Each structure stands twice: as C-alpha cells, then as structure tokens.
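Below is one structure, written out as structure tokens; comments come after it.
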Amino acid sequence: MPKLRPIELEDIVLYQIPSALTYSPDGTRLAFEVTRADLEKNKYHTDVYVAENGSARRMTFSIDAHIVLWESNDVLILRRTLPEAESGMTELFRLPMAGGEAEPWLTLPFDLSEMKKAGDSYIASGTISVSDPDAYLDSPEVRKEKAEALKDEEDYHVVDEVPYWFNGAGYTNKRRTALFLIRIKDGKPVLKRLTAPAFNTDSFCIDGTTVYYAGSLKQGLESLYNQVYAFHVDTQKTETLWRKTGYSFGGLFTLDHLLYAHVTDMKEYGVNQTPDICLVSKNSVEKVYIPTVSLNSSVLGDTAEGHGGSYAGEGEYLTLATIEAHNAIFALSPMENRQLACRTLWEQEGLACTMTACKDRIALIYQGWDHVAEVFEMNRDGSRLTRLTNLNDAALTGRYVAKPERIDYTSCGYDLRGWVLLPQGFSAKKKYPAVLDVHGGPRCAYGETFFHEMQLWAARGFVVFFTNIKGSDGRGDAFADIRGDYGGTDYQNLMDFTDAVLETYPNIDRARLCETGGSYGGFMTNWIISHTDRFCCAASQRSIANWVSMSFISDIGGYFGPDQCGAKGLFGDANTEALWAHSPLKYAANVKTPTLFIHSEEDYRCPLPEGMQMMQALVESGVETRMVIFKGENHELSRSGKPKHRIRRLKEITDWFESHTQL
Numbered sequence: 041m042p043k044l045r046p047i048e049l050e051d052i053v054l055y056q057i058p059s060a061l062t063y064s065p066d067g068t069r070l071a072f073e074v075t076r077a078d079l080e081k082n083k084y085h086t087d088v089y090v091a092e093n094g095s096a097r098r099m100t101f102s103i104d105a106h107i108v109l110w111e112s113n114d115v116l117i118l119r120r121t122l123p124e125a126e127s128g129m130t131e132l133f134r135l136p137m138a139g140g141e142a143e144p145w146l147t148l149p150f151d152l153s154e155m156k157k158a159g160d161s162y163i164a165s166g167t168i169s170v171s172d173p174d175a176y177l178d179s180p181e182v183r184k185e186k187a188e189a190l191k192d193e194e195d196y197h198v199v200d201e202v203p204y205w206f207n208g209a210g211y212t213n214k215r216r217t218a219l220f221l222i223r224i225k226d227g228k229p230v231l232k233r234l235t236a237p238a239f240n241t242d243s244f245c246i247d248g249t250t251v252y253y254a255g256s257l258k259q260g261l262e263s264l265y266n267q268v269y270a271f272h273v274d275t276q277k278t279e280t281l282w283r284k285t286g287y288s289f290g291g292l293f294t295l296d297h298l299l300y301a302h303v304t305d306m307k308e309y310g311v312n313q314t315p316d317i318c319l320v321s322k323n324s325v326e327k328v329y330i331p332t333v334s335l336n337s338s339v340l341g342d343t344a345e346g347h348g349g350s351y352a353g354e355g356e357y358l359t360l361a362t363i364e365a366h367n368a369i370f371a372l373s374p375m376e377n378r379q380l381a382c383r384t385l386w387e388q389e390g391l392a393c394t395m396t397a398c399k400d401r402i403a404l405i406y407q408g409w410d411h412v413a414e415v416f417e418m419n420r421d422g423s424r425l426t427r428l429t430n431l432n433d434a435a436l437t438g439r440y441v442a443k444p445e446r447i448d449y450t451s452c453g454y455d456l457r458g459w460v461l462l463p464q465g466f467s468a469k470k471k472y473p474a475v476l477d478v479h480g481g482p483r484c485a486y487g488e489t490f491f492h493e494m495q496l497w498a499a500r501g502f503v504v505f506f507t508n509i510k511g512s513d514g515r516g517d518a519f520a521d522i523r524g525d526y527g528g529t530d531y532q533n534l535m536d537f538t539d540a541v542l543e544t545y546p547n548i549d550r551a552r553l554c555e556t557g558g559s560y561g562g563f564m565t566n567w568i569i570s571h572t573d574r575f576c577c578a579a580s581q582r583s584i585a586n587w588v589s590m591s592f593i594s595d596i597g598g599y600f601g602p603d604q605c606g607a608k609g610l611f612g613d614a615n616t617e618a619l620w621a622h623s624p625l626k627y628a629a630n631v632k633t634p635t636l637f638i639h640s641e642e643d644y645r646c647p648l649p650e651g652m653q654m655m656q657a658l659v660e661s662g663v664e665t666r667m668v669i670f671k672g673e674n675h676e677l678s679r680s681g682k683p684k685h686r687i688r689r690l691k692e693i694t695d696w697f698e699s700h701t702q703l
C-alpha cells in the first residue's frame with residue numbers, strides 16, 4: 041500500500057470553514073457562510089453560499105459579507121464592511137437570488153448584532169454607549185462632529201464598571217446591547233430604541249408582532265441574573281413578564297404562541313449548571329423539561345465554527361445536544377400536561393457545531409474524524425443525511441489521517457474513555473514519543489473528530505492521546521462539577537489515562553512524553569508540571585496560574601474564579617486561601633519540566649499576566665522556559681487567530697516538542 045502524504049503545518053490555512061446556516065422563509069433555499077484564509081494578507085475572507093435542490097453555489101465573489109436574515113424567499117440581506125464605512129455604522133445590502141451583485145439597502149447607525157422580522161417591521165440588537173444612548177438619531181453632520189471630538193480620547197481607556205473588557209470585544213466599559221424597532225419609510229430606516237440606556241439585551245425572539253427579550257440593567261457590576269419583557273409592536277407598549285432576581289434567562293423561543301426559555305438559578309451546580317427549559321408567562325416560570333445533558337455543542341475542534349443551534353416551529357423545538365463525546369439533535373414537543381417530551385432525531389460520533397431547520401428539513405455542519413467540517417442536510421425526522429458541500433476534500437485528498445483508537449479505562453471510580461492517534465506505519469517494534477493533549481472548558485469534550493494540531497503531531501511521528509476526564513461535558517452536571525476539586529480528581533484521571541495508554545502501547549518511550557493544553561487545559565498543564573516530572577516537556581497555552589489574580593482581572597473572573605474554586609466570594613482569608621490552594625503558582629517551586637508558554641496580548645478570558653507569572657516563576661527556579669506572546673490576538677488564537685499567527689503558534693509548540701524528544 042503506497043504511503044500517504046502527511047498532514048503539514050501550513051495545511052491549517054487550506055481549510056474552508058462553513059457557518060451561519062439559515063433557511064429562507066419557505067425552506068426552499070439554505071444560505072450559509074464560508075470563511076477562507078488569505079495567507080498573503082494575513083486575514084480571512086467570508087463568502088456567502090446558497091444551497092437549493094441538494095446542491096450549493098457561491099453567491100458572492102468580490103466582497104466579504106455576512107448573512108443577516110432573509111428579507112423574502114428571493115432576497116437575502118447581507119452585512120458588509122466597506123473601506124469608506126463610518127465607524128459604528130452597519131451597511132446592509134440586498135442580494136437577489138436571481139443573480140447579480142449585492143445592492144445597498146440600509147445603513148444602521150450602530151454596530152448590528154442581530155436582526156429579525158416582526159410583521160412589516162424589524163427588530164435589531166446593537167451596541168450603544170450609555171454616555172450617548174441616542175446617538176443613533178444624530179445627523180451625519182453631528183456624527184462627524186462627535187467623531188472629531190472623540191479623537192482627543194483615543195489614547196485613553198477610562199473604566200468605572202466590571203467587567204470593563206470582554207474577550208474578543210475589547211474594552212466594553214459603558215457599552216450596552218440595545219434593542220431597536222426599525223420601520224422602513226421612503227427607503228430609509230426609522231428607528232426607536234426599546235431598552236433603557238444602561239440595559240443589556242441578552243437574547244430575544246419574535247412571535248408575530250410580539251417581541252420577547254431578556255436582559256438586565258448593568259450599573260457598576262454586571263449581574264448574573266436578568267429579567268424578561270414583551271414588546272408589542274402594534275400597541276408600542278412594553279410588558280414586564282418576570283422582574284424578580286434569581287434566574288438567568290437565555291435562548292428564548294416560542295411554540296404555539298407560548299414563551300419558553302433556557303433558565304438556570306445556578307444554585308446546585310454553580311455557574312456551569314445546565315439550564316432547564318421553562319415556560320415563561322406573566323410572573324410565572326415553570327420547568328417543563330430538565331435536561332440530563334447540555335443542549336448545545338461542546339465537542340471541540342480547531343477546524344469548525346459554532347457551538348449550538350436550535351429551531352422552533354411546526355409545534356416542536358429542535359436543539360443540538362452533547363452526549364458523551366458526540367452530538368445529537370433533540371426534538372422537544374409539548375404534551376397535554378404542558379411538559380416537553382424529548383426524542384432523539386439524530387446522533388453520530390463526531391462534531392456537529394451548527395444546526396438549523398425548516399418545515400421539512402434539517403441542516404447542520406458536521407465533522408467526522410476523517411474530514412473537515414462540511415454542510416449536511418437531512419429529513420425533518422432525522423433520516424437520510426446528505427452532504428451538500430465538498431469544501432475541504434482537496435485539502436485532505438491523498439493525506440494520511442490517523443483514526444482515533446478508543447481506550448476505555450477506570451479512574452477514581454469513574455468509567456472513562458480516551459483516544460489515541462497513531463503515526464502512519466505504526467510499528468510495535470519501534471519506540472515513539474507521545475503527546476497528551478488536555479481540552480479546555482473544563483465543560484467541553486473531545487470526540488472522534490478531525491483535529492488539525494493532533495493530526496500534525498501524529499504526522500510528525502508522535503503518538504497523540506486525549507481523553508474526557510471528570511469535569512468534561514456530555515455526562516450531566518454531577519460529572520461536570522469539579523468546583524473545589526480543580527487539580528484533584530481531574531488530575532488523577534489524566535495520570536491514570538496516561539498509564540492506560542502506556543500499558544496499551546508499551547513501545548511509547550516513557551522518557552519522551554510531552555503534554556499540552558489551552559485555557560482549562562492550560563491551567564491543567566501548569567498544575568501537571570508543578571505536581572509531576574513524568575513529562576519531558578510541556579506547552580502551556582492561554583493558561584491560569586493564580587486564581588486570586590485571575591478572579592480580579594479576567595472578564596469572567598469575579599464570578600467564575602470563586603465559583604470554580606469553592607470559595608464563597610472574593611474577599612477574606614478563607615476565600616483567598618481557597619483560590620490560592622487551586623493555583624499552580626503556589627506549587628511552582630516544584631517544577632522541573634521545560635515549559636513553553638503561549639499567550640495572546642488581548643486575551644481577557646485568561647489574561648496575559650497569568651502566563652507571565654508562571655513563566656517568571658520557572659525562570660526564578662532555573663527551569664528551561666520560553667514565552668511567545670501574540671500581539672492583536674485573544675483567547676481564540678488557536679481557532680480564529682490570523683492565519684500567520686495560527687501557523688506560528690503551532691510551529692512553536694511542535695518545535696518545542698521535537699527539540700525535547702530528540703534521542
């Protein structure tokens with residue numbers, strides 16, 4: 041059998057990634073976006089495709105565009121960013137299905153987040169400033185004057201609330217997501233802001249001419265809880281449905297004119313608790329479905345985009361779910377007792393990262409172990425899965441893709457599973473180096489899906505192994521709950537898995553074991569190197585070293601740090617001790633493992649000082665280390681960083697492994 045070509049480092053920029061699935065109102069057309077890398081310009085381009093009658097065609101060629109909504113069955117509304125566009129404005133274009141270029145439609149005087157039809161009007165969410173909440177009413181002349189006045193402030197960030205920044209969005213102080221009613225008059229938009237200046241809109245849905253939305257006032261410190269409202273377009277009146285605190289509402293949808301939401305009180309399992317589906321009415325929140333698994337997609341990959349998808353229509357609610365190490369599609373239908381009955385329409389090993397539906401079909405973006413993400417379609421009952429695109433076939437044709445070999449093992453009383461990727465031509469008579477890769481989250485999951493970085497290491501001659509430990513998603517809240525146990529059961533699971541892999545493949549060279557992970561996996565890398573020296577080297581990515589500092593600087597730190605470490609708050613010796621007990625930095629004097637640190641300058645989730653502290657501690661102890669800081673990147677470097685930066689990141693890690701595993 042001829043030897044297949046190996047996966048190469050630079051292949052990561054060859055993959056074309058589909059996203060943003062949406063059916064036309066009559067369901068005859070499916071629109072979606074495809075993102076491709078431009079290595080020369082170190083950026084990405086996004087094209088719009090439309091599938092009809094089982095085949096897809098590219099609709100945009102000379103522009104970068106993003107789908108907003110279907111205006112009708114024959115016209116798609118797109119958002120474009122033109123070189124001459126004003127900052128803070130959104131340019132919308134109409135793309136006719138009959139052919140031709142997209143033509144200008146509306147200019148909205150705010151940064152658009154989402155837009156939906158409500159009868160003859162539109163409802164949109166977009167960014168405003170609390171300091172100037174009615175700027176959307178300004179004339180072009182006034183906008184220009186204000187822009188000139190703001191130039192004197194360009195060199196400064198002034199913050200007086202928390203969080204004041206958010207990963208991927210930059211500094212967000214005094215910025216809010218407002219809800220707008222938009223009417224079209226004489227071809228121009230007439231806007232009315234529906235929410236108070238300090239109100240943050242979390243989610244909204246539309247039932248006819250009624251707009252349901254959830255959100256809360258942010259005044260100084262953002263609350264974890266929110267309220268629910270209804271705006272009636274016909275009467276122009278707003279009704280409060282739930283004003284009490286104690287619940288977090290999201291994912292609003294309607295069935296048969298009844299409002300439902302994903303609701304959590306975070307009392308039993310903290311901030312990572314799975315929301316229940318609740319029926320929401322005036323002063324009433326009634327649980328009608330209690331999930332046993334997460335109703336989203338938390339299976340990880342580095343060549344797929346999106347983490348969820350749902351659709352409400354034809355009397356049922358469809359949603360993605362994560363079961364063990366793969367995804368499924370659930371259908372929830374109301375019963376006579378108002379509870380929702382659940383049935384599984386489809387499930388398959390691999391990763392389904394985005395899903396939508398129409399009256400007779402379901403579309404999803406699916407990725408198996410042997411192929412990169414593609415668009416698929418199936419019947420509404422989950423039958424006859426059909427592939428619509430072949431975006432990435434050329435990138436993998438003739439290449440060796442290692443198939444995940446499953447390993448079942450037991451650790452700390454749990455039956456767990458992991459996988460191993462073997463190099464091409466693997467021989468039991470040869471010694472191999474190996475890499476343990478730890479996922480982020482921690483409430484995420486690895487599965488039998490294509491993962492470029494792991495395939496690259498297998499192509500370079502490494503055995504790659506990965507697993508879902510206590511804290512991972514797919515097995516319910518109790519299994520995912522590691523509050524107050526970070527570095528405990530999860531760490532032991534990883535060591536036991538490593539032992540299981542070495543027992544199964546005794547020709548792995550125990551002196552050439554490498555380890556890496558990002559986010560939670562970065563925390564775990566820092567924990568591993570400070571608690572064992574069994575790995576010859578490690579690469580810690582976007583990590584946490586010190587839960588005390590992280591809790592006071594991360595965009596989610598104020599609530600996530602104490603919650604995950606079993607502290608009751610941020611202040612007082614007992615809480616500080618709880619945070620410090622789970623901090624790898626506390627144990628840094630034990631480190632002997634050569635460690636590479638990868639971090640992004642604009643990572644506000646696991647901020648740069650976290651990596652700096654651990655790296656500096658290693659230097660102080662005389663441990664070999666190196667830190668690579670990526671300018672202009674955030675927490676999503678490995679998945680959506682600039683093309684050259686993604687290549688450099690992976691090269692740094694791969695070179696580090698190879699330099700420390702040479703015999």
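Residue numbering for the sequence shown is 41 to 703, as defined by this note's numbering.
Note that the Cβ used here is the ideal one computed from N, Cα and C, for glycine as well.
Just so it is clear, the structure is predicted and the values come from calculations on it, not from any experiment.
Opening and closing residue of the alpha helix (DSSP H) in which residue i lies
i: lysine 186; result: 180–190
i: histidine 622; result: Where histidine 622 is concerned, there is no enclosing alpha helix (DSSP H), given that its DSSP letter is neither H nor E.
i: glutamate 565; result: Residue identity check: residue 565 is threonine in the sequence provided, not glutamate. 560–569 is the span of the alpha helix (DSSP H), which, as asked, contains threonine 565.
i: glycine 651; result: 648–660
i: leucine 425; result: Neither: leucine 425 is in no alpha helix (DSSP H) and is coded neither H nor E.
Under the three-state DSSP convention, the category residue i falls into
i: proline 683; result: helix
i: alanine 368; result: strand
i: tryptophan 409; result: coil
i: lysine 228; result: strand
i: aspartate 66; result: coil
i: alanine 142; result: coil
i: cysteine 577; result: strand
i: threonine 250; result: strand
i: cysteine 605; result: helix
i: isoleucine 593; result: helix
i: phenylalanine 505; result: strand
i: serine 583; result: coil
i: lysine 691; result: helix
i: leucine 295; result: strand
Beta-bridge pairing of residue i - partner residues as DSSP gives them
i: aspartate 87; result: Val74
i: serine 321; result: Ser324
i: proline 58; result: Val74
i: tyrosine 176; result: DSSP output for tyrosine 176 lists no bridge partner at all.
i: aspartate 448; result: Arg457
i: leucine 360; result: Ile369
i: arginine 233; result: Phe220
i: glutamate 543; result: DSSP output for glutamate 543 lists no bridge partner at all.
i: isoleucine 402; result: Ala397, Met418
i: threonine 147; result: Glu131
i: valine 240; result: Here residue 240 is asparagine; the residue named in the question, valine, does not match the sequence. In the DSSP output, where bridge partners are listed per residue, asparagine 240 has Ser256.
i: isoleucine 669; result: His639
i: methionine 155; result: Ala164
Residue from the options whose Cα sits closest to the Cα of residue i
i: glycine 438; options: Arg424, Val415, Gln464; result: Gln464
i: tyrosine 531; options: Tyr560, Ala175, Glu279; result: Tyr560
i: alanine 392; options: Gly528, Gly481, Gly408; result: Gly408
i: lysine 214; options: Asp172, Glu188, Ala254, Pro42; result: Asp172
i: valine 198; options: Gly208, Thr212, Glu188; result: Thr212
i: glutamate 92; options: Leu152, Thr294, Ser64; result: Ser64
i: alanine 77; options: Gln56, Thr538, Asp525; result: Gln56
i: glutamate 154; options: Asp573, Ala164, Tyr89; result: Ala164
i: aspartate 448; options: Asp66, Arg457, Pro180; result: Arg457
i: threonine 62; options: Ile103, Tyr253, Ile117; result: Ile117
i: aspartate 66; options: Ser256, Glu111, Gly481, Ser583; result: Glu111
Endpoints, the beta strand (DSSP E) within which residue i is located
i: glycine 166; result: 161–169
i: serine 338; result: Element bounds for serine 338: n/a, residue is neither H nor E.
i: asparagine 419; result: 414–419
i: leucine 49; result: Premise fails: leucine 49 is in no beta strand (DSSP E) and is neither H nor E.
i: threonine 280; result: 277–282
i: proline 473; result: 472–478
Whole-angstrom C-beta distance between residue j and residue i, which should lie under 8 Å
i: serine 640; j: glutamate 673; result: 4 Å
i: glycine 390; j: glycine 514; result: That belief does not hold up - the Cβ atoms of glycine 390 and glycine 514 are roughly 13 Å apart, past 8 Å.
i: leucine 380; j: isoleucine 369; result: Leucine 380 to isoleucine 369, Cβ: 15 Å. No contact.
Within-8 Å CB hit, residue i to chain C
i: threonine 489; result: Given the protein chain composition of this structure (a single chain), no chain C is represented.
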